[in-house]
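Take a look at the structure set out below.
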Amino acid sequence: MSKAFIFPGQGSQQIGMGKTLHDNFAQARAVFQEVDDTLDQKLSTLMFEGDADTLKMTENTQPALMAVSMAVVRVLLSETGKPLPDLAAYVAGHSLGEYAALCAAGSLSLSDTASLLRKRGQAMQKAVPAGIGGMADLMGVDVEQAKEIAAAAAQGEICAAANDNANGQVVISGHSAAIDRAIALAAERGFKRSIKLPVSAPFHCALMQPAADVMKEALCHSQIMPPCVPVLPNVTATPTQDPDEIRSLLVKQVTGSVRWRETVLKMKELGVSQLVECGAGSVLTGLTKRIDKEITAISLQTPEDIASFLNQ
Numbered sequence: 055m056s057k058a059f060i061f062p063g064q065g066s067q068q069i070g071m072g073k074t075l076h077d078n079f080a081q082a083r084a085v086f087q088e089v090d091d092t093l094d095q096k097l098s099t100l101m102f103e104g105d106a107d108t109l110k111m112t113e114n115t116q117p118a119l120m121a122v123s124m125a126v127v128r129v130l131l132s133e134t135g136k137p138l139p140d141l142a143a144y145v146a147g148h149s150l151g152e153y154a155a156l157c158a159a160g161s162l163s164l165s166d167t168a169s170l171l172r173k174r175g176q177a178m179q180k181a182v183p184a185g186i187g188g189m190a191d192l193m194g195v196d197v198e199q200a201k202e203i204a205a206a207a208a209q210g211e212i213c214a215a216a217n218d219n220a221n222g223q224v225v226i227s228g229h230s231a232a233i234d235r236a237i238a239l240a241a242e243r244g245f246k247r248s249i250k251l252p253v254s255a256p257f258h259c260a261l262m263q264p265a266a267d268v269m270k271e272a273l274c275h276s277q278i279m280p281p282c283v284p285v286l287p288n289v290t291a292t293p294t295q296d297p298d299e300i301r302s303l304l305v306k307q308v309t310g311s312v313r314w315r316e317t318v319l320k321m322k323e324l325g326v327s328q329l330v331e332c333g334a335g336s337v338l339t340g341l342t343k344r345i346d347k348e349i350t351a352i353s354l355q356t357p358e359d360i361a362s363f364l365n366q
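In our numbering, the protein residues as written are 55 to 366.
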């Protein structure tokens, strides 16, 4: 059975995440300590027992979620005594999760990944003043319908399909007024369950260009190695192991759509039959069930989850 490791994005964070891994595994403690040291911040303390609103700040959320994901991966590697290619044929991550995927596959070092995600979070937060942009989940629409609605709602502003998450779940992003118009248009077309998301910025649309510029500069100075297994980037949903392509696509990812539904279907096409979600929450596990019921998905968050996985 071919497996792929997948890594969650923003929204999966919660206070307490990673604590049982920290308490039970030296490998996990080493990950959290290295991230703390790199960022010169007790991020692990914030994650384990801090304030939810502080953790929800994008500059904290992004490296924190990556740290939990990498703690899971390092424990798996240690407990099995096997390298990643013996455990997974591919890796992929949702938005910031793509950085965790690259770190897991040895393309980015842990310290570089933490630094890049701290910079990415800060740049994305600063790119658009509060209240100017927003995001909404259009329930029941497919990606082409979402693109049509977004284009009709733009009226000279930015409005675009940001996340193609699953069948009938597409997130749009852009100027707040345009998002409101898109929700109204979706309702007129019979899609009544659109939900404005409680996000701090309009991610994955052209309004994020200032953040993309910051990341282009940051990534120019970061060493990116060929990953030990192919990664499926958000922007293309096509496997690659080319460092130059990875670097370019990480920049494009800031303003581009997250093609998650296509990513999952591509992995199935490549022979993957099980997706293993490494890190906080089980959002991607749930999306997998909506995308294709023939692919099994499991979430590894706790020592018990890892023990069960190793015994399967």
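All C-beta atoms in this analysis are idealised placements derived from N, C-alpha and C, irrespective of residue type, glycine included. Computed from a prediction, not measured in an experiment: that's the story for all the values here.
Apply the 10 Å Cβ neighbour rule to residue i and answer buried if 16 or more other Cβ atoms are within range, or exposed otherwise.
| i | result |
| --- | --- |
| T62 | Correcting the residue type first, residue 62 is Pro in the shown sequence and not Thr. Looking at its Cβ environment, which holds 16 or more other Cβ atoms inside 10 Å, P62 is buried. |
| P252 | exposed |
| T108 | exposed |
| A241 | exposed |
| I249 | exposed |
| E113 | buried |
| S362 | exposed |
| R235 | buried |
| K173 | buried |
| Q355 | buried |
| R247 | exposed |
| Q366 | exposed |
| P256 | buried |
| Q223 | buried |
| L150 | buried |
| D218 | buried |
| A159 | buried |
| E358 | exposed |
| D105 | exposed |
| P293 | buried |
| A214 | buried |
Grouping DSSP H, G and I as helix and E and B as strand, with all else coil, what is residue i?
| i | result |
| --- | --- |
| D298 | helix |
| V182 | coil |
| K320 | helix |
| V145 | strand |
| Q199 | helix |
| I212 | coil |
| L192 | strand |
| L364 | helix |
| T167 | helix |
| G160 | coil |
| P139 | helix |
| Q307 | helix |
| M124 | helix |
| Q355 | coil |
| Q68 | coil |
| A236 | helix |
| V241 | According to the sequence as given, residue 241 is Ala; it is not Val. Of the three classes helix, strand and coil, the one that applies to A241 here is helix, per DSSP. |
| G340 | helix |
| G335 | coil |
Going by DSSP, which residues form a beta bridge with residue i?
| i | result |
| --- | --- |
| T350 | Q328 |
| S56 | V326 |
| L130 | The partner list for L130 (beta bridge, DSSP) is empty, contrary to what the question assumes. |
| D218 | V224 |
| G187 | H229 |
| V367 | Past the edges of the chain, shown from 55 to 366, lies residue 367, and the structure says nothing about it. |
| F61 | G147 |
Between residue i and the rest of its own chain, which residues show a CB-CB distance below 8 Å, the 5 nearest in sequence each way excluded?
| i | result |
| --- | --- |
| E152 | F61, A146, V285, P287, N288, L304 and Q307 |
| L170 | Y153, L162, M269, A272, L273 and S276 |
| P139 | C282 and V283 |
| S98 | G72, H76, F86, Q87, V89, D90 and A121 |
| A372 | In the structure as shown, the chain starts at 55 and stops at 366, and residue 372 therefore has no counterpart that could be examined. |
| V326 | S56, K57, A58, A143, Y144 and I349 |
| A181 | A255, L261, M262, Q263, P264 and A265 |
| P280 | S161, Q295, D296 and P297 |
| L380 | Not covered by the structure: residue 380. The range shown for the chain is 55 to 366. |
Any beta carbon from chain D within less than 7 Å of residue i's own beta carbon?
| i | result |
| --- | --- |
| Q179 | In the structure shown, chain D cannot be found, because there is only a single protein chain. |
Which same chain residues, not among the five before or five after residue i, have their C-beta less than 6 Å away from its C-beta?
| i | result |
| --- | --- |
| R128 | Q81 and V85 |
| G335 | P62 and S66 |
| E316 | A291 |
| I237 | A190 and S248 |
| V225 | M189, D191, A216 and N217 |
Report all residues from its chain with a CB closer than 7 Å to the CB of residue i; omit the five preceding and five following residues, and keep chain order.
| i | result |
| --- | --- |
| T115 | Q64, Q67, L109 and G175 |
| K343 | A351 |
| R83 | H76 |
With respect to 6 Å, is the separation between the Cβ of residue i and the closest non-hydrogen atom of the ligand MN below this value?
| i | result |
| --- | --- |
| F363 | The ligand MN is not among the ligands present in this structure, which contains no ligands whatsoever. |
Check: Unbroken alpha helix (DSSP H) runs of length 4 or more, entirely within the segment 243-304: which are they?
Finding: 263-274
Item checked: Complete alpha helix (DSSP H) runs within the segment 75-115 (minimum length 4 residues, chain order) -> 80-93, 97-103 and 106-109
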